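Just so we're aligned: the sequence shown equals residues 4 to 262 in the numbering used here. Built from N, CA and C at the ideal position, the CB exists for glycine as well. Since this is a predicted model, take the numbers as computed values, not measurements. Worksheet: the structure to be examined is printed underneath.
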Amino acid sequence: MPVWPPLLATRGPGGSSTGHAHHAMHLVLGLDGPLRVRAGLGPWREVPGVLTAPDVPHAIDAAGREVLLVFLDPESEAGMALGSSLEGPFRVLSAEERDLLARDAEPMSLMRAEGVAWTHRVVEVLGAGAASSRRAVHPRVRKLLRLLRDLPSDGDTSLSALAAEVGLSPGRLMHAFTESIGMPLRPYLAWLRLQRAAAAIVSGVPLGEAAHAAGFSDAAHMTRTFRRMLGMPPSVLRPTAQPARSRQRREGTLHPGHE
């Protein structure tokens with residue numbers, strides 16, 4: 004099982020958002036022209052792309068544009084490297100930087116194995132400091148990743164249960180996982196759940212089924228988690244969503260549809 008990077012990605016028609024904030028870092032690329040962004044109540048800026056800092060109020064107007072939208076966990080290895088390069092609420096991307104990051108960037112691939120190399124490319128292109136080389140993964144952590152791959156949605160993911168499965172103490176597992184993966188276990192599990200739900204939704208699975216398959220109690224629980232972590236509802240990820248697109252614009256949420 005590849006070590007999935009903690010990100011969510013989608014690509015499609017953009018929309019306009021009102022001011023909002025979320026803990027995830029937010030990379031938005033205008034693929035066929037510039038978009039507009041502003042922090043708080045500040046002035047609008049027209050830019051090829053933007054990376055927003057976590058927990059910063061911002062608004063984005065990408066109406067009429069095709070966008071690549073990527074959410075990154077700020078506690079991940081790439082997120083921390085990018086965060087250290089931010090000197091304000093957002094980092095504007097040049098047209099050249101946008102083109103380098105958009106090249107061959109397909110959302111489903113980014114949410115799987117190819118995302119590891121892509122996040123390192125983001126760090127390199129944006130000059131956020133040297134991305135660390137491939138980490139040596141502790142053998143018990145490799146065992147845990149295999150376990151998580153096959154674990155049913157209602158499986159026990161408590162620290163004590165997972166530690167017992169791989170033969171480590173809870174404290175040792177926490178340390179080994181962070182050293183191996185680049186982020187703590189609990190946030191990784193949360194992002195893994197979001198990724199699994201997102202992959203199901205973009206494949207056309209109804210929201211309730213996607214929620215159950217990813218381990219949420221119901222669609223409402225999944226929606227609350229998406230809004231808390233990403234500032235958007237999971238319905239944004241639905242394919243062929245012209246009605247949903249109009250609904251999201253009325254709700255003031257950036258809508259990246261799907262091809």
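{"Item": "Local Cβ density within 10 Å of Gly22, reported as buried at 16 or more and exposed below that", "Value": "exposed"}
{"Item": "Leu71 - DSSP class collapsed to helix/strand/coil", "Value": "strand"}
{"Item": "Cβ-based neighbour list, Thr13, same chain, cut-off 6 Å, excluding 5 preceding and 5 following", "Value": "Leu72, Pro110, Leu240, Pro259"}
{"Item": "One or two residues paired with Ser19 in a DSSP bridge", "Value": "Asp64"}
{"Item": "Phe219 in three-state terms, based on DSSP", "Value": "coil"}
{"Item": "Proximity of Ser163 and His215 at Cβ, strictly below 9 Å", "Value": "no"}
{"Item": "Limits of the unbroken alpha helix (DSSP H) element including Arg199", "Value": "188 to 205"}
{"Item": "Candidates Leu54, Ser183, Gly33: closest to Gly130 by CA position", "Value": "Leu54"}
{"Item": "Alpha-carbon to alpha-carbon, Ala27 and Leu233", "Value": "6 Å"}
{"Item": "Same chain, Cβ closer than 8 Å to Ser220, neighbours up to 5 away in sequence not counted", "Value": "Ala214"}
{"Item": "Residue environment, Gln245, which counts as buried when at least 16 other CB atoms sit within 10 Å", "Value": "Low local confidence applies: a pLDDT of 39 at Gln245 is under 50, so the model's placement there is unreliable, and no value is given."}
{"Item": "Inter-residue spacing [alpha-carbon to alpha-carbon] between Gly82 and Phe74", "Value": "10 Å"}
{"Item": "Buried or exposed (CB count within 10 angstroms, at least 16 for buried), Trp121", "Value": "buried"}
{"Item": "Nearest-angstrom beta carbon gap, Pro9 and Met186 [assumed within contact, 8 Å]", "Value": "6 Å"}
{"Item": "Classification of Ser161 by the beta-carbon crowding that lies within 10 angstroms, buried from 16 upward", "Value": "exposed"}
{"Item": "Reduced DSSP secondary structure (H/G/I, E/B, other) of Arg268", "Value": "Absent from the structure is residue 268, since the part of the chain shown begins at 4 and ends at 262."}
{"Item": "Cβ-based burial, Ala203 [other Cβ within 10 Å; buried from 16]", "Value": "buried"}
{"Item": "Proximity to Val70 [Cα-Cα], best of Gly33, Ala98, Ala108", "Value": "Gly33"}
{"Item": "Closest residue to Pro16 among Pro37, Trp47, Ala65 (Cα-Cα distance)", "Value": "Ala65"}
{"Item": "Meets three-Cβ-pair contact criterion under 8 Å: the stretch 146 to 156 and the stretch 39 to 57", "Value": "no"}
{"Item": "Terminal residues of the beta strand (DSSP E) in which Glu49 lies", "Value": "48 to 50"}
{"Item": "Leu147 burial status per 10 Å Cβ neighbour count (16 or more: buried)", "Value": "buried"}
{"Item": "Chain-order list of residues whose beta-carbon lies under 7 Å from that of Ala108 (same chain, five-residue window excluded)", "Value": "Leu71, Trp121"}
{"Item": "Neighbour-count burial assignment, Ala98, 16 or more Cβ in a 10 Å radius", "Value": "exposed"}
{"Item": "Range of the contiguous beta strand (DSSP E) that encloses Val40", "Value": "38 to 42"}
{"Item": "Residues sharing a beta bridge with Phe229, DSSP", "Value": "Paired residue(s): none; Phe229 is not in a bridge."}
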